Amino acid sequence: MGTLFRLVVYSQAPADSAARAAFDRIAELDRTFSDYNEASELSRLCRQPAGAPLPVSADLFAILQISQDLAAKTHGAFDVTLGPLTRLWRESRRARALPTADALASARRAAGFAHLHLDPARQTATLLRPGMALDLGGIAKGYAADAALNRLTQLGFPAAMVSASGDLALGDPPPGKRGWTIELAPFGDATATRTTLVLVHAAVSTSGDAEQFVEIGGVRFSHIIDPATGLGLTQSVAVTVVARRATVADALATACSVLDPVAAQRLTDASPEPVRLIVHRRDPVALLTSP
Ligand code: AMP
Ligand code: MG
4 MGTLFRLVVY SQAPADSAAR AAFDRIAELD RTFSDYNEAS ELSRLCRQPA
54 GAPLPVSADL FAILQISQDL AAKTHGAFDV TLGPLTRLWR ESRRARALPT
104 ADALASARRA AGFAHLHLDP ARQTATLLRP GMALDLGGIA KGYAADAALN
154 RLTQLGFPAA MVSASGDLAL GDPPPGKRGW TIELAPFGDA TATRTTLVLV
204 HAAVSTSGDA EQFVEIGGVR FSHIIDPATG LGLTQSVAVT VVARRATVAD
254 ALATACSVLD PVAAQRLTDA SPEPVRLIVH RRDPVALLTS P
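Count the sequence shown with this note's numbering and you get residues 4 to 294, in order.
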């Protein structure tokens, strides 16, 4: 998943073998969800001929179902079928040059959540158009954090935290504490006003351009694709979502980065589980005074 996972476990008993089991579960999900690894289950699905259903694992089916549900609710602002565009954008970031109009047009033709069909009765997934590619980068880390925390809890270690860069899953509090103290430092800026959260049985995800961005022609683009342009987002926001589960927090943080502030608030207000949305803008004064 292109990141480091870190586990924190409080217990009287040695937690080594439980931690090993949690890391094994993360590795299993990496083998399932990775779009970098040609041997992953996701890559196999993407190689399937257009229109041919493929039976998929419970994990892949579950993450695709959650993704498609959010794609429908956000009218495609969050969309795991943007794979052809995220790949093209990775190349642009490396080359520090915008994609050509032709490359952009052909990637856009192969994207769109309406072209991914899921059959719950048969647990199959079907890509309906040629050249499609799926990218679970906006949700997989949260899903894996939930899965690792579940494994630790099942093995008798509920006072635990799983973190994967911007995604955290939190269990029972550390001994003697009310909860896990999480400090948000938007844009990685130590001098910015910090928000402190104290949480139990919760998840926190932040999406933003603090680390992964590229500047092309004086414009700063994020690694999150705006489906309206097919290019990286240009608005400088750091979006944090607090939810019960990291899968939900991760996906919503990515979705709310794309949506305008009103639509983002409406989406999180309508969530079936309680969700808190915190948006930091890089330069609020400049935004307020711009024409
Ligand atoms: P995150 O850091 O969780 O916000 O996820 C960003 C990653 O999600 C990107 O690196 C892509 O792999 C993927 N992605 C980019 N744009 C979108 C989008 N509009 N919807 C869903 N996933 C996206
Ligand atoms: Mg995300």
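For every residue, glycine included, the Cβ atom is placed at its ideal position computed from N, Cα and C.
None of these values were measured; they are calculated from a predicted model.
With fewer than 16 other beta carbons inside 10 angstroms of its own, A117 counts as exposed. Excluding the 5 residues flanking it on each side, H204 has same chain C-beta neighbours closer than 8 Å at L173, G174, D175, R247, in chain order. Taking the Cα positions, L187 is about 43 Å away from P56. Only buried fits V242, as 16 or more other CB atoms lie within 10 angstroms of its CB.
When secondary structure is reduced to three states using DSSP, F81 falls in the coil class, being assigned neither helix nor strand. Taken from the Cβ of S210, at least one heavy atom of the ligand AMP lies inside 7 Å.
By the Cβ neighbour-count rule, A22 is buried, with 16 or more other Cβ atoms within 10 Å of its own. Burial state of D170 is buried, judged by a 10 Å Cβ sphere holding 16 or more other Cβ atoms. Apart from sequence neighbours up to five positions away, the residues of its chain that approach A143 with a beta-carbon distance below 6 Å are M4, F36, ordered along the chain. In this structure, A25 sits near L155, with a CB-CB distance shorter than 8 Å. The nearest non-hydrogen atom of the ligand AMP is less than 7 Å from the C-beta of T89.
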